[in-house]
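Worksheet: the structure to be examined is printed underneath.
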Amino acid sequence: MNPEAPLRDLWYMPALSASLKPGAMRREMLLGEPVLLGRMHDGKAFAIRDICPHRGVPLSAGKILPENTVQCPYHGWRFRRDGVCSAIPSLVEGQDMDPEKIRVRSYPVKEQDGLIWVYVAEKPGTAPKGEPPRIPMSDGQAKASGHATIKKANPKPRWTEIQTFGCSIDHAVIGLMDPVHAAFVHDHWWWKRTPRVKEKHYAPLPTGFTMSKHKPSKPAYSLLGDVTTEITFELPSTRFEIVEGRLFGKSFKVIGLTVCTPRDEDHTDTIHVMYWPAWLTPLLRPIFMLLGPTFMADDRKMVELQREGLKFSPNLMLIQDGDQPAIWYHRVKKAWAESVENGTEFANPVQERVLRWKS
Ligand code: FES
Ligand SMILES: [Fe+2]
């Protein structure tokens, strides 16, 4: 078992719904595998291995036919969204061959909250263990009001930014959860403040941990008034920041989702998606448009610098409370990898704790 390999039997998020129109498809590398991500004319997204089993041509170079199959550009073999070959045009009568016996790997896809999630199973064809995360926009996704039930499912992404980091998923994730780098890496007047001792409570989640709800100390948050924030992390690389408060007499949630999607060993897309109620758009969207790309580029440039050192395979250190989230990440990852390998139940090794550091 290679400890650096991305985990399997988990959902990854390679693309946003808005980036895939009906009838479109493209190659998306995922965990080093070429995946055709497409959307049939009926609107449903799907994912299959992007290699034609006949002669290896990328199926994504072909086209999606009106009958909702993918046609290979070389000899026109057609594949359904479940990966089964539905037609081989060169066959003539009397040639006894059942195309449906031929198939390419298909990946379970789930589309929700404006995001496309793809499940990467350890053993192709096995059913997903669990569902991809939902955006916790409203408590329990639905709330009753009088006689009608208002469903708040599928909140809309209000702002998104994708940057490709030249590193493995591990370094991208660790950078994301590192509580002590901000003063150095995000050294902007609108973000920094004089370092001081922080004390934060952490608790386990099903496949990760959370920095429990607290009042944020960064002055940037005061734009939203008196708020609380909670920051969660779960496997494989899902971080939520859930900011809650009240403004103009209305309570709101602003949710930031960040995922690290491993493309191959040395490339990881960091995808950041913000959700908020529509009435906050005029306030928040200009700020994110102006500052968001810079903020994410700070982290990207740091892993690029880090790569210059990692080329020489140095021994690295994880020290004290400031590095504890990274230590937990390695432990949770290892426990998941072992549970997949041995077919055993996953047990989260994280224990509730208070961490202290200066930043
Ligand atoms: S290579 Fe795809 S049909 Fe021949
Ligand atoms: Fe950062």
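Heads up: the sequence shown begins at 163 in my numbering, then just goes up one per residue. Ideal placement from N, C-alpha and C gives every residue a C-beta, glycine not left out.
Reduced DSSP category for residue i - H, G, I as helix; E, B as strand; rest coil
i, result
"Pro165", "coil"
"Ile312", "Because the pLDDT at Ile312 is just 41, under 50, the model does not fix this residue reliably, and the value given afterwards should be weighed accordingly. Three-state result, Ile312: strand."
"His363", "strand"
"Gly302", "Here the model assigns Gly302 a pLDDT of 39, short of 50, so the residue's position is not dependable, and the following value carries that caveat. Three-state DSSP puts Gly302 in coil, outside helix and strand."
"Ser307", "The predicted model places Ser307 with a pLDDT of 38, which falls under 50 and marks its position as unreliable, so this point remains unresolved."
"Thr443", "helix"
"Pro270", "coil"
"Pro483", "According to the sequence displayed, residue 483 carries Asp and not Pro. Helix."
"Gln468", "helix"
"Ala249", "strand"
"Leu172", "strand"
"Lys263", "helix"
"Asp244", "coil"
"Ala180", "helix"
"Arg211", "strand"
"His492", "helix"
"Phe508", "coil"
"Thr394", "strand"
"Ile449", "helix"
"Pro455", "helix"
"Pro220", "coil"
"Pro524", "Given that the chain is displayed from residue 163 to residue 521, the structure contains no residue 524 and the question cannot be resolved."
"Trp498", "helix"
"Ser379", "coil"
"Glu503", "helix"
"Lys206", "coil"
"Lys225", "strand"
Under 8 Å between C-beta atoms of residue i and residue j
i, j, result
"Ser374", "Glu403", "no"
"Pro319", "Met436", "yes"
"His203", "Pro220", "no"
"Ser248", "Pro261", "yes"
"Ile336", "Met175", "no"
"Pro439", "Phe410", "no"
"Phe371", "Trp519", "no"
"Ala209", "Glu273", "no"
"Thr430", "Cys329", "yes"
"Val232", "Gly276", "no"
"Ile264", "Ile417", "no"
"Met163", "Glu503", "yes"
"Leu178", "Thr322", "yes"
"Tyr236", "Arg217", "yes"
"Glu166", "Asp332", "yes"
"Trp239", "Ile250", "yes"
"Lys380", "Trp353", "yes"
"Arg189", "Asp212", "yes"
"Gly224", "Cys234", "yes"
"Arg462", "Phe327", "yes"
"Trp173", "Pro294", "yes"
"Lys412", "Leu169", "no"
"Arg515", "Tyr364", "yes"
"Pro317", "Met299", "yes"
"Gln325", "Met458", "yes"
Residue range of the alpha helix (DSSP H) that includes residue i
i, result
"Tyr336", "Rather than Tyr, the amino acid found at residue 336 in this sequence is Ile. Run containing Ile336: Ile331 to Met339, per the alpha helix (DSSP H) assignment."
"Val347", "Ala344 to Val347"
Residue range of the unbroken beta strand (DSSP E) whose run includes residue i
i, result
"Gln236", "Reading the sequence as shown, one finds Tyr at residue 236 and not Gln. Element bounds for Tyr236: n/a, residue is neither H nor E."
"Tyr437", "His429 to Tyr437"
"Asp426", "Lys412 to Asp426"
"Trp519", "Arg515 to Lys520"
"Pro196", "Glu195 to Arg201"
"Gln325", "Trp321 to Phe327"
"Val389", "Val389 -> no beta strand (DSSP E), and no H or E assigned at all."
"Trp279", "Leu277 to Val282"
"Gly256", "Where Gly256 is concerned, there is no enclosing beta strand (DSSP E), given that its DSSP letter is neither H nor E."
"Phe474", "No beta strand (DSSP E) holds Phe474; DSSP gives it neither H nor E."
"Thr400", "Thr400 to Leu409"
"Arg188", "Met187 to Leu192"
Minimum Cβ-Cβ distance from residue i to chain C less than 8 Å
i, result
"Ile297", "Judged by its chain identifiers, the structure shown contains no chain C, having just a single protein chain."
Cβ-Cβ separation, residue j to residue i (assumed contact under 8 Å), whole Å
i, j, result
"Val342", "Ser521", "5 Å"
"Ser181", "Leu198", "That belief does not hold up - the Cβ atoms of Ser181 and Leu198 are roughly 14 Å apart, past 8 Å."
"Leu517", "Lys362", "6 Å"
"Leu386", "Val405", "7 Å"
"Glu368", "Gln513", "Contrary to the premise, residue 368 reads as Pro rather than Glu in this sequence. In fact, because the Cβ distance is near 15 Å, the residues do not count as touching under 8 Å."
Exercise. If you pair each beta-carbon of the stretch 385 to 398 with each one of the stretch 461 to 479, do three or more pairs fall below 8 Å?
Worked result: Taking 8 Å as the limit for Cβ pairs, the verdict is that the stretch 461 to 479 does not touch the stretch 385 to 398.
Exercise. Counting Cβ pairs, one atom from each stretch, are 3 or more of them under 8 Å apart for the stretch 504 to 513 and the stretch 351 to 363?
Worked result: The answer is no - the stretch 351 to 363 does not touch the stretch 504 to 513, with fewer than three Cβ pairs under 8 Å.
Exercise. Pairing CB atoms from the stretch 421 to 429 with CB atoms from the stretch 440 to 454, are three or more of them under 8 Å?
Worked result: As far as the Cβ criterion goes, the stretch 421 to 429 does not touch the stretch 440 to 454, which means the pair count is below three.
Exercise. For the stretch 185 to 197 against the stretch 278 to 286, are there 3 or more C-beta pairs whose distance is under 8 Å?
Worked result: Result yes; three or more Cβ-Cβ pairs closer than 8 Å.
For this session: Please determine if the stretch 343 to 351 and the stretch 490 to 503 are in contact, where contact requires at least 3 C-beta pairs separated by less than 8 Å.
Result: By the Cβ criterion, the stretch 343 to 351 is not in contact with the stretch 490 to 503, since fewer than three pairs of Cβ atoms, one from each stretch, lie closer than 8 Å.
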